[in-house]
Amino acid sequence: MAEALAAGLSCSLAFVRRSWHERHPNVTSPLDSSDTDCIWLGDSDMERISQLSSPPPIIGLFEWKSIPVPAFSRDDRSIWLYLDRIRDAGNLGTLLRIADWFGVEAVWTRPGTVDPLNAKSIQASMGSVFRVPVLEGEA
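Pasting the structure below:
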């Protein structure tokens, strides 16, 4: 959530686990100063709406903004990562996180690769999905 806000994405709706917010009230303070509507949920409600086996304390609905993709040239020394039909969302998120750490310019996925905006991909990327451009297409 913090990474998406830091990337300049606009959150229109946030589901917040009430028990977590009571222990960490300062974490949701960026939402107070925005136009975000917050819905406070109990633990069982958060488990029902989450797609993850271990639901996060906050789930946000963001308007996606594409990240500009740098120009690619064979003479260029920039590093791109090409992924061929990665089917596990957690693995894709981990690869995005590693690409971000190593300064990869962009990630290029082949059709059939899991959606990088899948909940598990986002969680595993630990915010890298908001910094590394991802595009899809044949090599």
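Take 1 as the starting number for the sequence shown in our numbering and just add one per residue.
Heads up, the beta-carbon is just placed ideally off N, CA and C, and yes, glycines get one too.
So for Phe15, helix, strand or coil by DSSP?
Phe15 falls in the strand class under three-state DSSP.
Return the chain-ordered list of same chain residues with a C-beta closer than 6 Å to the C-beta of Gly127, the five sequence neighbours on each side being excluded.
The residues are Glu3.
Rounded to whole angstroms, how far is the Cβ of Leu81 from the Cβ of Val104, which I believe are closer than 8 Å?
With 8 Å as the limit, Leu81 and Val104 qualify as a contact, their Cβ atoms being about 5 Å apart.
Which residues in the same chain as Thr36 place their Cβ atom closer than 6 Å to its Cβ, once the five residues preceding and following it in sequence are excluded?
Leaving aside the five residues that flank Thr36 on each side, the residues in its chain whose CB is nearer than 6 Å to its CB run, in chain order, Cys11, Ala14.
Determine the direct distance from the alpha carbon of Ser78 to that of Lys120, and round the result to whole angstroms.
Going by C-alpha positions, Lys120 is about 28 Å away from Ser78.
Close beta carbons around Ala99, own chain, < 8 Å, minus the five adjacent residues each side
Contacts found: Leu81, Val107, Ser128, Val132.
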